[in-house]
Structures are given as structure tokens and as C-alpha cells.
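Protein chains in written order, with my numbering: chain A, 1265 to 1378; chain B, 144 to 258.
Just so it is clear, CB atoms sit at the ideal spot from N, CA and C, and this is done for glycine as well.
Computed from a predicted model, the values in this text were never measured in an experiment.
Down below is the structure, laid out as C-alpha cells.
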């Protein structure tokens, strides 16, 4: 069965620090990969997605993620975080060519200190 | 345009009662998903509707849970004989099957509390 693992449950950073959130998935076939963000009191929003092509994908608000197939990983990065990046971040995967259910990781809560 | 809407935003019910949660997807989106978000379980898939195809019910936790989608648009998730472990935020999402990306757009959720 598919599964997604996010290694960090809670990350605390100071503004301007660099961010990397780990995500590994377990699935042998073609996958689509996503990072969603949930700001306090708001609903889930898509940050970025990977379906095919360039494994380095860029999303909104300066976020990027790199798909490394050999490591089954899709880590999220941002070179310099801001206080407004405080949120919960979810990695998710679904099977390619089906567009079906998303399997989510447990989420990583990011707190950025001003 | 309008996003995914859900109602009610909050629902408090007594154990053993039935509840209905409503989802209005983005107009024109053919795929509709239900998930729930709870402490300790994270975000879990419940059920998926795609056009006129049979729904994928593989995530429903018990036969007390059911969902329907009328006219290919609005969906209702019903929980019968609610239990305290059903307390969670129930999220609805929709996507356009025509898009190659299969991106899902989420609603604000319904917070269900079973007392």
C-alpha cells in the first residue's frame, strides 16, 4: 500500500533561515507528488506539484521541491523563510494515470520566529 | 471563481445521532473527494467520486459512513450513529479530470464534535 512519511513533526526556525522538510513515499509505480500548506485558520492550499519532466519544481511564495526517484523522496525547500510561512505542511502522493485519492503524510508544523 | 464550499462549518452532535455534511464542488469539476483530518490520524481519504463511475469507497472506516453525489455536483457525507471517535474535520475537495495535473482544491471543512 502507498504511504508517505514526513520526518519532522515540528520545526522551529528564525526568519531568514533556510528550510528543508523531508518527505519519503512508498510506491513502486508512477506517482504524482504534492506539497500542500495549511495556514492557521485557513484551508489546505497547493504549494507545488510534480507530475513529470524536470524533477526540480518551483511553487508559490519561493518554495521549491526536488523529486529524487532513486530515494523515493520529494523534499520541500525554501532558502529564506518568513514569519508568514508559519503553517502546517503536508506532503501527498497519488498514483499516476488515475488522478485518485491522495495519501498524505502526517504533516510538519513550521513555526517561524520573527 | 467560487471555490469549494462546505456546510455546516461546525457541527456538535450527541453520540448516537446521525449527521449529514454537505459539499459544493467547484463548478465544472467532475471529481469529488472526501477526507477527514483528526489528531493522531492526520489526513485520511474517505471516498472519491468521478463522473458517473462507481465511487471509490475504500477509505470509509465503517458501514456507518456513506456518501452520495447527486447530479454530478453536490455531495453529502452521512454518518449514522455517531461515535466520539468520529470527531474530526471533514474536508471535501474537487478536481477537473480534464486537467493533466489532477490538482485537488479543498474546501474549508466541517468540524464535527461528537459529545
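Taking a Cβ distance cut-off of 7 Å, strictly less, list which residues of the region 1304–1336 of chain A are near chain B, in chain order. Residues 1307, 1308, 1310, 1313, 1315.
Determine the burial state of residue 252 of chain B: buried for a count of at least 16 other Cβ atoms within 10 Å of its Cβ, exposed for fewer. Around the beta carbon of residue 252 of chain B, a 10 Å sphere encloses 16 or more other beta carbons of the protein chains shown; the residue is thus reported as buried.
For residue 1366 of chain A, return the contacting residues in chain B, with the cut-off set at a CB-CB distance below 7 Å. Under the 7 Å cutoff, chain B gives 188, 247.
The ligand SAM and residue 181 of chain B: does the residue's C-beta get closer than 6 Å to at least one heavy atom of that ligand? Among the components of this structure there are no ligands whatsoever, and the ligand SAM is therefore not found.
Indicate whether at least one CB of chain A lies closer than 7 Å to the CB of residue 185 of chain B. Using a CB distance cut-off of 7 Å, residue 185 of chain B counts as an interface residue toward chain A.
Cβ of residue 1340 of chain A within 7 Å of Cβ of residue 1285 of chain A? Yes. Within cutoff.
Can you have a look at residue 1335 of chain A and say buried or exposed, based on whether 16 or more other CB atoms are within 10 angstroms of its CB? Around the beta carbon of residue 1335 of chain A, fewer than 16 other beta carbons lie within 10 angstroms, which makes this residue exposed.
Locate the beta strand (DSSP E) running through residue 1366 of chain A, then write down its first and last residues. No beta strand (DSSP E) contains residue 1366 of chain A, which DSSP labels as neither H nor E.
From this set, A:1304, A:1294, A:1310, A:1323, which residue's C-alpha is nearest residue 1316 of chain A's C-alpha? Closest by alpha carbon: A:1294.
Can you list, in chain order, the residues of its chain with a C-beta nearer than 8 Å to that of residue 198 of chain B? Leave out the 5 residues immediately preceding and following it. Shown here for residue 198 of chain B: same chain residues with a beta carbon closer than 8 Å to its own, the five before and five after excluded, namely 190, 191, 192, 210, 212 in chain order.
Residue 1342 of chain A lies in the beta strand (DSSP E); which residues open and close that run? Unbroken beta strand (DSSP E) run through residue 1342 of chain A: 1337–1342.
Are the C-beta atoms of residue 251 of chain B and some chain A residue less than 7 Å apart? With 7 Å as the cut-off, residue 251 of chain B counts as an interface residue toward chain A.
Let's test the definition: count the other Cβ atoms within 10 Å of the Cβ of residue 1276 of chain A and tell me whether it reaches 16, buried, or not, exposed. Only exposed fits residue 1276 of chain A, as fewer than 16 other CB atoms lie within 10 angstroms of its CB.
Is there at least one Cβ from chain A nearer than 7 Å to residue 191 of chain B's Cβ? Output row for residue 191 of chain B: interface = yes.
Looking only at its own chain, which residues have a Cβ that is under 8 Å from the Cβ of residue 148 of chain B, when we skip the five neighbours before and after it? Counting only Cβ-Cβ distances below 8 Å, and skipping sequence neighbours, we find 166, 167, 250, 251.
If distances are taken between C-alpha atoms only, which option among B:179, B:185, B:175, B:234 comes closest to residue 1354 of chain A? Between residue 1354 of chain A and the set B:179, B:185, B:175, B:234, the nearest pair of CA atoms involves B:185.
Taking residue 1382 of chain A as part of the beta strand (DSSP E), name the residues at either end of that continuous run. There is simply no residue 1382 of chain A to check, as chain A begins at 1265 and stops at 1378 in what is shown.
Roughly how many angstroms lie between the CA atoms of residue 1313 of chain A and residue 1357 of chain A, to the nearest whole one? Taking the straight line from one Cα to the other gives about 10 Å.
What do you reckon, are the CB atoms on residue 219 of chain B and residue 163 of chain B nearer than 7 Å? A contact, by the Cβ cut-off of 7 Å.
Proximal residues of chain B, C-beta to C-beta of residue 1371 of chain A below 7 Å: Taking the beta carbon of residue 1371 of chain A as reference, the chain B residues within 7 Å of it are 185, listed in sequence order.
Same chain, Cβ closer than 7 Å to residue 239 of chain B, neighbours up to 5 away in sequence not counted: Excluding sequence neighbours, residue 239 of chain B sits near 171, 172, 173.
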